[in-house]
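Counting in the working numbering, the sequence shown tops out at residue 386, every number present. Built from N, CA and C at the ideal position, the CB exists for glycine as well. As the structure is a prediction and not an experimental result, all values here were calculated from the model. Below: one structure, written as C-alpha cells.
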Amino acid sequence: MKLLVTGGAGFIGSAVVRHAIRDGHEVVNLDALTYAACLDNVASVADSPLYSFVHADIRDRAALDAVFAEHAPDAVMHLAAESHVDRSIDGPGDFIETNITGTYNMLEAARSFWSARGKPEDFRFHHISTDEVFGSLPADKSVKFTEATPYDPRSPYSASKAGSDHLVRAWFETYGLPVVLTNCSNNYGPYHFPEKLVPVIILGALAGKPLPIYGDGSNVRDWLYVEDHAEALLLVVQEGQVGRSYNIGGENERTNLELVKTLCAILDGLRPRSAGSYADQITFVTDRPGHDARYAIDPSRIRAELGWRPSVTVEEGLTRTVQWYLDNEAWWRALQDRAGVGERLGVKA
38 MKLLVTGGAG FIGSAVVRHA IRDGHEVVNL DALTYAACLD NVASVADSPL
88 YSFVHADIRD RAALDAVFAE HAPDAVMHLA AESHVDRSID GPGDFIETNI
138 TGTYNMLEAA RSFWSARGKP EDFRFHHIST DEVFGSLPAD KSVKFTEATP
188 YDPRSPYSAS KAGSDHLVRA WFETYGLPVV LTNCSNNYGP YHFPEKLVPV
238 IILGALAGKP LPIYGDGSNV RDWLYVEDHA EALLLVVQEG QVGRSYNIGG
288 ENERTNLELV KTLCAILDGL RPRSAGSYAD QITFVTDRPG HDARYAIDPS
338 RIRAELGWRP SVTVEEGLTR TVQWYLDNEA WWRALQDRAG VGERLGVKA
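Next comes the structure, spelled out in C-alpha cells:
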C-alpha cells in the first residue's frame, strides 16, 4: 500500500512512518517542518527506497494537489496538526488555520484525486484525532469515552480538532469520500517533542529543575505508548470499516501526579541522583485555564472488530521512554532552543 502521511516528521506521524516502512508499505511523508517537526525522527528509514519526503503545508491547496498527482497514494493518513493545548491558549489562530482549514484542504484535494480516478472503493482517508474532543469525564472509573460520546471540547486545540472531525464525517456523508477516523488518548514514547508532560519531567529531572505539576496533580489521563498507537493506526487504515470511528486507548489511567512519581522512580533506578529522589523536585504550579479533569477511553470497538490491544503497561512503556531519552541526548538537546520549549505557556487567558 502507498501511504500519504501528513505530519510524518512529528511525534506520532514519525512513529507511523517508521512502522509503515518496516511493514513494507511505501510512504510519502508530507510535512511543513514547523517548530515541533524533526526529520531526525525518520532518519532510520530515510534511505529506504520505500520512503520519500515532500516539504509542503496542508494550508497550501495547490501544493496538495501536486502531491496527489505525482504520488497517487492508495490511502491518506492525516496526522498534521497543531497539538499543544497550552500553545492553543496563547495563539488559537494557528490551530484554526492548520487543524480546520488545513483538514478542509486535505479533504478537497483527496476528493478531487479520488473522483478523477473513478472513485475507487479501496481508497481511504484516515483522519487521526484526539479524545480531547469529548471534553471531561467525572471521577467515576466506570464512565469512559466511547465512539458515541457527544463532543464537548474545552480548549482551542480540542475545539479545532472537533471541527476537523466534523468536516471528515461531512465529506463522507455528503460526497461519499471513504473515510475512517480514530480518536486516541495521551501518547508518550521516543521522539516526543520536549514541551509535553513526559519529556518535560524527564529532562527537567535530569537538569535538576523543579518538576511542574498543574494544580494538585489529580487530573487523570489514559496513557498510550506511541509505538502501540502507530500499530493501531496502520491496522485501522487497512481494515477499519468505512465511515466508522475507533477510539484507541492505552488502558492505563493515571493521575498526573502518579505519572510523574512513576517517572521519578524509574529515573532513580536508571540514573540515581547523588542524594535523594527526583521526586524531591516536584513542584505544584497554578493550573491552566479549562484543564479537563479526566480522560479515559473505552477501546471495546477496536478490540472487538480489529483485534487490537496495547502491548505494554504504562510502567513498561515509561521505562523504555526514559531509557530512550538517556540514550539520545543529542536529539533532545538540539530541540531545546526552539521557541517556547522549556517555558510555561498557556497563561495568557
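- Glutamate 290 has its alpha-carbon roughly 32 Å from the corresponding atom of leucine 41.
- Of the candidates Lys39, Asp127, Val297 and Asn284, the residue whose Cα lies closest to the Cα of asparagine 256 is Val297.
- The beta-bridge partner set that DSSP reports for histidine 92 consists of Asp68.
- Within the same chain, and ignoring the five residues on either side of glutamate 107 in sequence, no residue has its Cβ closer than 7 Å to its Cβ.
- When Cβ pairs closer than 8 Å are counted between the two stretches, the segment 180-198 is seen to touch the segment 124-139, the count reaching three or more.
- In its own chain, leaving out the 5 sequence neighbours on each side, no residue places its CB closer than 7 Å to the CB of alanine 244.
- Taking proline 249 as reference, the option from Ser197, Ile319 and Thr299 with the minimal CA-CA separation is Ile319.
- Each of Tyr188, Thr211, Ala57 and Gly61 was checked against the Cα of aspartate 202, and the nearest Cα belongs to Tyr188.
- Between the segment 172-187 and the segment 342-349 there are fewer than three inter-stretch CB-CB distances shorter than 8 Å, so the stretches are not counted as touching.
- Pairing leucine 70 with alanine 46, the inter-Cα distance amounts to about 7 Å.
- Bounds of any beta strand (DSSP E) do not take in alanine 207; it lies within the alpha helix (DSSP H) bounded by 193-212.
- Taking all protein chains in view, the Cβ of aspartate 259 is crowded by 16 or more other Cβ atoms within 10 Å, so the residue is classified as buried.
- Closest option to leucine 87, judged by alpha-carbon separation, among Lys156, Pro227 and Ala57: Ala57.
- Alanine 117 and alanine 371 have their C-alpha atoms roughly 22 Å apart.
- Assigned with DSSP and collapsed to three states, arginine 346 falls in coil, not helix or strand.
- The distance from the Cβ of glutamate 184 to that of asparagine 66 is about 29 Å, inconsistent with a contact at the 8 Å cut-off.
- For the pair leucine 144 and isoleucine 49, the Cα-to-Cα distance works out to about 20 Å.
- Note on leucine 307: under 16 other CB atoms within 10 angstroms of its CB, so exposed under the neighbour-count rule.
- Approximately 4 Å separates the beta-carbon atoms of leucine 174 and arginine 331; this is inside 8 Å, confirming the contact.
- Residue range 129-132 is occupied by the alpha helix (DSSP H) that includes phenylalanine 132.
- In the DSSP secondary-structure assignment, arginine 331 is bridged to Val257.
- Fully contained in the segment 244-327 are the following beta strand (DSSP E) runs of length 3 or more, in chain order: 248-251, 257-262, 282-285, 290-292 and 319-322.
- Between leucine 204 and threonine 140 the beta-carbon gap is near 6 Å, inside 8 Å, which marks them as a contact.
- Asparagine 224 is bridged by DSSP to Leu261.
- Contact between arginine 55 and serine 89 does not hold, since their C-beta atoms are separated by about 15 Å, which reaches or exceeds 8 Å.
- Per the C-alpha coordinates, the member of Asn142, Thr167 and Pro110 positioned closest to aspartate 97 is Asn142.
- Excluding its 5 nearest sequence neighbours in each direction, glycine 172 has C-beta neighbours in its own chain below 7 Å: Asp189, Pro190, Arg191 and Asp329, listed in chain order.
- Of the candidates Ala341, His121 and Asp77, Asp77 places its Cα closest to the Cα of alanine 52.
- An exposed status is given to histidine 92, since fewer than 16 other beta-carbon atoms sit within 10 Å of its beta-carbon.
- By the criterion of at least three beta-carbon pairs nearer than 8 Å, the segment 264-276 is in contact with the segment 218-227.
- A residue is called buried once 16 or more other Cβ atoms fall within 10 Å of its Cβ, and serine 120 is buried on that count.
- Judged by DSSP secondary structure, leucine 41 falls within the beta strand (DSSP E) whose first and last residues are 39-43.
- Taking the Cα positions, arginine 340 is about 28 Å away from lysine 233.
- The C-alpha of proline 236 is placed about 7 Å away from the C-alpha of phenylalanine 230.
- Note on asparagine 365: under 16 other CB atoms within 10 angstroms of its CB, so exposed under the neighbour-count rule.
- Boundaries of the beta strand (DSSP E) around histidine 115: 112-115.
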